[in-house]
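J.:
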Amino acid sequence: MNGRYSRQQLFAPIGEEGQTNIRRKHVVIVGAGALGAGNAEALVRAGIGKLTIIDRDYVEWSNLQRQQLYSEADAIARLPKAIAAKRRLEQINSEVEIEAIVGDAGPEELEAIAAEQRPDVWIDATDNFDTRLVLNDVAYKYRIPWIYGACVGSYGLSCAFIPGRTPCLYCLLETVPQGGLTCDTAGIIGPAVQMVVSYQVAEALKMLVEDWAALRGKLVSFDLWTNEYAAVRIDAVKKEDCPTCGRHPSYPFLSYDQRTKAAVLCGRDSVQIRPPVQREYEIDELAEMFRRQGLQTEANPYLVAVSLGGGKRLVVFADGRALVHGTKDVHEAKTIYYRYLG
Numbered sequence: 001m002n003g004r005y006s007r008q009q010l011f012a013p014i015g016e017e018g019q020t021n022i023r024r025k026h027v028v029i030v031g032a033g034a035l036g037a038g039n040a041e042a043l044v045r046a047g048i049g050k051l052t053i054i055d056r057d058y059v060e061w062s063n064l065q066r067q068q069l070y071s072e073a074d075a076i077a078r079l080p081k082a083i084a085a086k087r088r089l090e091q092i093n094s095e096v097e098i099e100a101i102v103g104d105a106g107p108e109e110l111e112a113i114a115a116e117q118r119p120d121v122w123i124d125a126t127d128n129f130d131t132r133l134v135l136n137d138v139a140y141k142y143r144i145p146w147i148y149g150a151c152v153g154s155y156g157l158s159c160a161f162i163p164g165r166t167p168c169l170y171c172l173l174e175t176v177p178q179g180g181l182t183c184d185t186a187g188i189i190g191p192a193v194q195m196v197v198s199y200q201v202a203e204a205l206k207m208l209v210e211d212w213a214a215l216r217g218k219l220v221s222f223d224l225w226t227n228e229y230a231a232v233r234i235d236a237v238k239k240e241d242c243p244t245c246g247r248h249p250s251y252p253f254l255s256y257d258q259r260t261k262a263a264v265l266c267g268r269d270s271v272q273i274r275p276p277v278q279r280e281y282e283i284d285e286l287a288e289m290f291r292r293q294g295l296q297t298e299a300n301p302y303l304v305a306v307s308l309g310g311g312k313r314l315v316v317f318a319d320g321r322a323l324v325h326g327t328k329d330v331h332e333a334k335t336i337y338y339r340y341l342g
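Numbering (the UniProt record's numbering), first residue to last: 1 to 342.
1) Around the C-beta of P276, are 16 or more other C-beta atoms found within 10 angstroms, so that it is buried, or is it exposed?
2) What's the call for A230, buried or exposed, on a 16-neighbour Cβ count within 10 Å?
3) Specify whether the segment 32-50 and the segment 129-144 touch according to this definition: at least 3 beta carbon pairs, one from each stretch, less than 8 Å apart.
4) Just curious, the alpha helix (DSSP H) that K206 is in, first and last residue?
5) Classify N2: buried if its beta carbon has 16 or more other beta carbons within 10 angstroms, exposed otherwise.
6) Tell me which residues share the same chain as residue 349 and place their Cβ nearer than 6 Å to its Cβ, disregarding the 5 neighbours each side in the sequence.
7) Thinking C-alpha only, which one of S158, D211, D120 and K206 is nearest L219?
8) Can you tell me whether DSSP reads G18 as helix, strand or coil?
9) Among the residues of its own chain, which have a CB less than 7 Å from the CB of I83, if the five just before and after it don't count?
10) Counting along the chain, where does the beta strand (DSSP E) carrying E99 start and finish?
11) Express the C-alpha separation of Y251 and V316 in angstroms, rounding to a whole number.
12) Tell me which residue opens and which closes the alpha helix (DSSP H) that D284 is part of.
13) Which residues in the same chain have their Cβ closer than 7 Å to the Cβ of residue 347, if we skip the five residues on either side of it in sequence?
14) On the three-state DSSP scale, how would you describe C159?
15) How should V232 be labelled, buried or exposed, when 16 other C-beta atoms within 10 angstroms of its C-beta is the threshold for buried?
16) By the 10 Å Cβ neighbour count, where 16 or more other Cβ atoms means buried, how is P145 classified, buried or exposed?
17) Determine the contact status of V306 and Y337, defining contact as a CB-CB distance below 9 Å.
18) Restricting to Cα atoms, I'd like to know which of D319, G156 and L254 is closest to I273.
19) Taking only the alpha-carbon atoms, compute the straight-line gap between T335 and R56 and give it to the nearest angstrom.
20) Once you ignore the five residues that flank T131 on each side, which residues in its own chain have a CB closer than 6 Å to its CB?
21) Relative to the C-alpha of C168, which residue among G294, K312, A12 and T244 is closest?
22) Leaving aside the five residues before and after K312 along the sequence, list all residues of the same chain whose C-beta is less than 6 Å from its C-beta, in chain order.
23) In chain order, what residues of the same chain have a beta carbon less than 6 Å from the beta carbon of L254, not counting five sequence neighbours either side?
24) For A125, count the other beta carbons within 10 Å of its own beta carbon; 16 or more makes it buried, fewer makes it exposed. Which is it?
25) Rounded to a whole number of angstroms, what is the C-alpha to C-alpha distance between S62 and N93?
26) Kindly give me the distance between the Cβ atoms of V330 and A262, rounded to whole angstroms, as I take these residues to be in contact under 8 Å.
27) Output yes or no for whether 9 Å exceeds the beta carbon distance between I113 and I53.
28) Are the CB atoms of L89 and L69 nearer to each other than 9 Å?
29) Quick one: using the 10 Å Cβ neighbour count with 16 as the cut-off for buried, is T226 buried or exposed?
30) Does DSSP put I144 in a helix, in a strand, or in coil?
31) Enumerate in chain order the residues of its own chain whose CB-to-CB distance from G190 is below 6 Å, with the five nearest sequence positions on each side excluded.
32) Rounding to the nearest angstrom, what Cα-Cα distance links E228 and M207 in this structure?
33) What residue does the beta strand (DSSP E) around E60 start on, and which one ends it?
34) Kindly indicate which residue of R23, N39, I22 and R24 has the alpha-carbon position closest to the one of V30.
35) Taking DSSP's pairing of strands, which residues face I218 in a bridge?
36) Please state whether the Cβ-Cβ distance between S154 and D211 is less than 9 Å.
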């Protein structure tokens, strides 16, 4: 050993045995934005055995202020965040197995990871409650702990959920604020991100070394600008009829019919389109098709970005998903998608 984790092992609650446990474990991070980047770097530096990152987006200039894994070169290349994160994390710690998934974190995708890989911990780094409720259902169905995190402005929230021991996110919906503020409407400061990451990683390490008694058992919220802090125990909000963690769970967010194939991205003038039948594109061929139409086109091995004029931009991924930038109108986005992709 080169002493890489020596200071962490000197911390008595971890020690050599805890470090060995960390090395054996697998964590999945859902989302590779600010929270995802921070969690990923901390866990890779801590010596996690395997890290899976799933994200549907690519690096943009506005990300660089707080998403610590990414560089200007990533933004220029519009590199998918999962790929950019993997490349940087492998430079930080070559001992860690890192899996990058460029795609949506929907019910099918998350259930496949849960059933096939049986990760030890999920970490929420998403920007919307639809995905969080899917993650909540998957975690409780497969009995895998998960750690919620959210931040906007100078405000943040975090809570750990343990199937069989704690109520779930669905039980807490009346307690957890779900206002319309987003990073794109209210902004965000880096310290709020780092505070939420610290809470999430601390709880994750407790789980990874199997020190279950040390878990907080509370929903923590704070505002760094107004100097406010609160921690509320979650035991009392347990609902026996909860469809996710109650006596007769039905896991509604894994099968609900209203799952949309088109969704407005949180706080952004962008709509994601998922075709009803999965498509696979050859990126070079797709880029050439757009260029033959006289459209300004940029491409990398993972996506094609096309400027359509009028502030509109179409970004198509190899798996057939597309982002239509410059609109929040789902109908308009679908019209653009089918006009250019049939």
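Glycine is no exception: its CB is placed at the ideal position from the N, C-alpha and C atoms. Keep in mind that this is a model prediction, so the values were computed, not measured.
T.: According to the data block:
1) P276 comes out exposed.
2) Flag for A230 reads exposed.
3) Output reads no: the segment 129-144 does not touch the segment 32-50.
4) It spans G190 to L208 - the alpha helix (DSSP H) in which K206 sits, taken as one unbroken run.
5) Answer is exposed; the Cβ neighbour count stays below 16.
6) Limits of the chain in this structure are 1 at one end and 342 at the other, which puts residue 349 out of reach.
7) Among S158, D211, D120 and K206, the Cα nearest to that of L219 belongs to S158.
8) In the structure shown, G18 sits in a helix (DSSP, three-state: H, G or I).
9) Sequence-distant partners of I83 (beyond 5 residues in either direction) whose C-beta falls short of 7 Å from its own C-beta, in its chain, are A100, V102 and Y302.
10) Element bounds for E99: E97 to V102.
11) Going from the Cα of V316 to the Cα of Y251 covers about 31 Å.
12) It spans I283 to R292 - the alpha helix (DSSP H) in which D284 sits, taken as one unbroken run.
13) The chain is shown only over 1 to 342; residue 347 falls outside these bounds and no answer can be derived.
14) C159: strand per DSSP, three-state reduction.
15) For V232, the number of other beta carbons within 10 angstroms of its own is below 16, and it is reported as exposed.
16) So P145 ends up on the buried side.
17) No, the pair does not count as a contact, with Cβ atoms beyond the cut-off.
18) The residue with the shortest Cα to Cα distance from I273 is D319.
19) Spanning the two alpha carbons is a distance of roughly 21 Å.
20) The residues are A105.
21) Ranked by Cα distance from C168, the first of G294, K312, A12 and T244 is T244.
22) Short of 6 Å from the beta carbon of K312, and not among the five residues preceding or following it, lie these beta carbons of its own chain, in chain order: G326.
23) Contacts found: P107 and D137.
24) Under this definition A125 is a buried residue.
25) For the pair S62 and N93, the Cα-to-Cα distance works out to about 27 Å.
26) The C-beta distance from V330 to A262 rounds to 5 Å, short enough to meet the 8 Å contact threshold.
27) No; because the gap between Cβ atoms is not below 9 Å, this pair is not in contact.
28) Result yes, Cβ atoms of L89 and L69 sit closer than 9 Å.
29) Residue environment analysis places T226 among the exposed positions, since fewer than 16 neighbouring C-beta atoms fall within 10 angstroms of its C-beta.
30) Under the three-state reduction of DSSP, I144 is assigned to coil, being neither helix nor strand.
31) For G190, where only same-chain residues beyond five positions count, the Cβ hits under 6 Å are R66.
32) The alpha-carbon of E228 is positioned some 27 Å away from that of M207.
33) In the DSSP assignment, E60 falls outside any beta strand (DSSP E) and carries neither an H nor an E.
34) The shortest C-alpha separation from V30 is found at N39.
35) The residue you asked about is not Ile; residue 218 is Lys in the sequence shown. K218 is bridged by DSSP to R233.
36) Going by C-beta atoms, S154 is not nearer than 9 Å to D211.
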